[in-house]
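> Please find one structure pasted underneath; my questions will follow.
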Amino acid sequence: MGMCPLCNGFEILQLACPNCGNGLEDSGRLMDYYDDYSPYMPIDQMKLEDGYPTDERLGQCPHLCKCQNCGYDEIKFVNE
Ligand SMILES: [Zn+2]
Ligand SMILES: [Zn+2]
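Using the working numbering, the first residue of the sequence shown is number 26, and each one after it goes up by one.
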């Protein structure tokens, strides 16, 4: 594992939901969720195809960020 500041607890997620303005919650590394989520594909396919396969090479840690208020989610690539 790299030195992702979110995974290591150095930083907390500070993003607002673009839909409702509620604070997005860091739901952890995308890799931890990928197997569970893949049958349903709720995550934008383009983001996965464009970003996920290369995250190891880029030194970025993909986090699933979710809004508990409206259900919005997005993937944030955190620089390690
Ligand atoms: Zn991380
Ligand atoms: Zn929201």
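Quick reminder that beta carbons are idealized off the backbone N, C-alpha and C, glycines included. As the structure is a prediction and not an experimental result, all values here were calculated from the model.
1. Please classify Y43 as buried or exposed, where buried requires at least 16 other C-beta atoms within 10 Å of its C-beta.
2. Give me the DSSP bridge partner(s) of F102.
3. Give me every residue whose Cβ sits closer than 6 Å to any heavy atom of ligand 2, in chain order.
4. Say yes only if the C-beta of L31 is nearer than 7 Å to one or more non-hydrogen atoms of ligand 1, and no if none qualify.
5. Span of the beta strand (DSSP E) holding G53?
Well, looking at it:
1. Strictly speaking, residue 43 in this sequence is Pro, with Tyr absent from that position. By the neighbour-count rule (16 or more Cβ atoms within 10 Å), P43 is not buried but exposed.
2. P87
3. C42, N44, C45, N47, C92, N94, C95 and Y97
4. yes
5. E50 to R54
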